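Residue numbers (the numbering used here): 878 to 1100.
See below:
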């Protein structure tokens, strides 16, 4: 198979990250989790007590943000300024704030520039909102993953209650609903479905099923 860019877009809690990582492992490709980059930036601002409406007055702080990814076995970890922050960036606090920070144009432009550099040599699976429309509009193949919001809320609840037994299913559903509305209505790079994207509804698919479905489509097109 020739070297390609595989772009996977979609709503949160649809299995994008796990699916993308496993697809990357299968093809022995790099994996870029663009959402983790926005979460890491949000964590940086939160730790430095900079609210979303204060970012434009603190643009010099962007120079103090260094994000990298390190792999261990089949897992990938996000590092912010040399510290493993994978667990912190998946917290419900960051989940509720990330859309507000990521909608800031200067933040998006900086991260999109970095993402394009990471993917310039192809042989990569890139995942995240607007990855198929803005970051890699010319990706060799595009997927858009979606699922019923009730299913998504249940999945996220099962993930999060391990570390936060106080979180409620209704809270998570509201957060997801708010995130969907904010992502699709923001002025800069709103979440939309690319005309070329293959839609994968994961509402009733297990992870293995959705991974195998995507792999089959890719192999049929490029092998």
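Glycine included, C-beta positions come from ideal geometry on N, C-alpha and C. Since this is a predicted model, take the numbers as computed values, not measurements.
Nearest-angstrom Cβ-Cβ length linking residue i and residue j, presumed shorter than 8 Å
| i | j | result |
| --- | --- | --- |
| residue 882 | residue 900 | Between residue 900 and residue 882 the Cβ distance is about 12 Å, and since that is not below 8 Å, they are no contact. |
| residue 988 | residue 914 | 5 Å |
Beta-carbon spacing of residue i, residue j below 8 Å
| i | j | result |
| --- | --- | --- |
| residue 955 | residue 1087 | no |
| residue 911 | residue 1012 | yes |
| residue 1078 | residue 1023 | yes |
| residue 1071 | residue 1009 | yes |
| residue 1006 | residue 886 | yes |
| residue 906 | residue 1001 | yes |
| residue 942 | residue 918 | yes |
| residue 1018 | residue 944 | no |
| residue 1028 | residue 984 | no |
| residue 958 | residue 938 | no |
| residue 966 | residue 916 | yes |
| residue 1053 | residue 1091 | no |
| residue 821 | residue 888 | Limits of the chain in this structure are 878 at one end and 1100 at the other, which puts residue 821 out of reach. |
Span of the beta strand (DSSP E), counted from its first residue to its last, around residue i
| i | result |
| --- | --- |
| residue 908 | 907 to 910 |
| residue 1181 | Outside the shown range of the chain, which is 878 to 1100, sits residue 1181, and nothing can be said about it. |
| residue 944 | 944 to 949 |
Euclidean distance between Cα positions of residue i and residue j
| i | j | result |
| --- | --- | --- |
| residue 909 | residue 1039 | 26 Å |
| residue 921 | residue 1065 | 21 Å |
| residue 951 | residue 898 | 8 Å |
| residue 981 | residue 975 | 10 Å |
| residue 1044 | residue 880 | 43 Å |
| residue 893 | residue 972 | 15 Å |
| residue 878 | residue 923 | 43 Å |
| residue 1003 | residue 1047 | 31 Å |
| residue 928 | residue 1074 | 35 Å |
| residue 1034 | residue 940 | 35 Å |
| residue 992 | residue 986 | 10 Å |
| residue 934 | residue 998 | 35 Å |
| residue 990 | residue 960 | 23 Å |
| residue 1020 | residue 979 | 21 Å |
| residue 968 | residue 1015 | 33 Å |
| residue 891 | residue 1050 | 13 Å |
| residue 946 | residue 1097 | 30 Å |
| residue 1037 | residue 977 | 21 Å |
| residue 1093 | residue 1030 | 28 Å |
| residue 1089 | residue 930 | 42 Å |
heavy atom of the ligand SAM below 7 Å from residue i C-beta
| i | result |
| --- | --- |
| residue 984 | Only the bare structure without any ligand can be found here, which leaves the ligand SAM out of the picture. |
Counted within 10 angstroms of its Cβ, other Cβ atoms place residue i as buried (16 or more) or exposed
| i | result |
| --- | --- |
| residue 953 | buried |
| residue 1082 | buried |
| residue 1068 | buried |
| residue 1100 | exposed |
| residue 1080 | exposed |
| residue 948 | exposed |
| residue 1076 | exposed |
Alpha helix (DSSP H) segment containing residue i, residue limits
| i | result |
| --- | --- |
| residue 1078 | Per DSSP, residue 1078 belongs to no alpha helix (DSSP H); it is in the beta strand (DSSP E), 1075 to 1078. |
| residue 900 | 893 to 904 |
| residue 890 | Premise fails: residue 890 is in no alpha helix (DSSP H) and is neither H nor E. |
| residue 1099 | 1084 to 1099 |
| residue 1028 | 1026 to 1037 |
| residue 995 | 982 to 995 |
| residue 974 | 969 to 979 |
| residue 966 | 963 to 966 |
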